[in-house]
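Numbering (this note's numbering), first residue to last: 1 to 163.
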């Protein structure tokens, strides 16, 4: 564990000497993650990327990738693209990354069940903006907008999410 790791505690996430309040999955933390269980998986998850809405915010780090109007995330366990970035047209189950609300204006990607996704083990665990304080996620870790942007600007390619 290093100061550059995001470490989930009962009080929030510890990162670089600060404690950030956050929300996690509706059903808490699990050691047996499954698609749709609304839980945040326990473990050490590498940070593998960052996506951002270039029409709304500047790139938080040089290695961030812009979210385009056609970008989606596949959550269809029957498809070979399960738990990966896809683009429209994509007729299978997916999440739109370019949303009307600000939830995914900035998305930090973890390596949960990626790059070799096991169907049913749960799709992406993102780090993203909260809907509102205390409102749980579907399994992701979420922060206030200000805290998310502060964390994103200081992440390194060696940072990990430790749950």
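The beta-carbon is built from N, C-alpha and C at its ideal position, and this holds for glycine as well.
By the three-class DSSP mapping on this structure, what secondary structure does residue 148 have? Stepping through the chain shown from its first residue, residue 148 is reached at position 148. Reduced to three states, the DSSP call for residue 148 is helix.
Measuring only the C-alpha atoms, how far is residue 45 from residue 57? Looking up residue 45 in the chain shown gives position 45. Looking up residue 57 in the chain shown gives position 57. Looking at the two C-alpha atoms, the distance is approximately 26 Å.
Measuring only the C-alpha atoms, how far is residue 119 from residue 35? Numbered from its first residue, the chain shown carries residue 119 at position 119. Numbered from its first residue, the chain shown carries residue 35 at position 35. Put simply, the backbone Cα of residue 119 is about 8 Å away from that of residue 35.
I'd like to know if the region 77-84 and the region 125-145 are in contact, where contact means that at least 3 CB-CB pairs between them fall below 8 Å. No, the region 77-84 is not in contact with the region 125-145.
Return yes when the Cβ of residue 72 is within less than 9 Å of the Cβ of residue 40, no when it is not. Your numbering for residue 40 matches position 40 in the chain shown. Your numbering for residue 72 matches position 72 in the chain shown. Not in contact: residue 40 and residue 72 (Cβ atoms no closer than 9 Å).
Grouping DSSP H, G and I as helix and E and B as strand, with all else coil, what is residue 70? Residue numbering aside, residue 70 sits at position 70 when the chain shown is read from its first letter. Three-state DSSP puts residue 70 in coil, outside helix and strand.
Round the Cβ separation of residue 138 and residue 38 to the nearest angstrom and send it over; I've been treating them as touching at under 8 Å. Numbered from 1 along the chain shown, position 138 holds the residue referred to as residue 138. Numbered from 1 along the chain shown, position 38 holds the residue referred to as residue 38. Indeed they touch by this definition, with Cβ atoms about 5 Å apart.
In whole angstroms, what separates the C-alpha of residue 1 from that of residue 163? Residue 1 sits at position 1 when you count from the first residue of the chain shown. Residue 163 sits at position 163 when you count from the first residue of the chain shown. Residue 1 and residue 163: Cα-Cα distance of roughly 12 Å.
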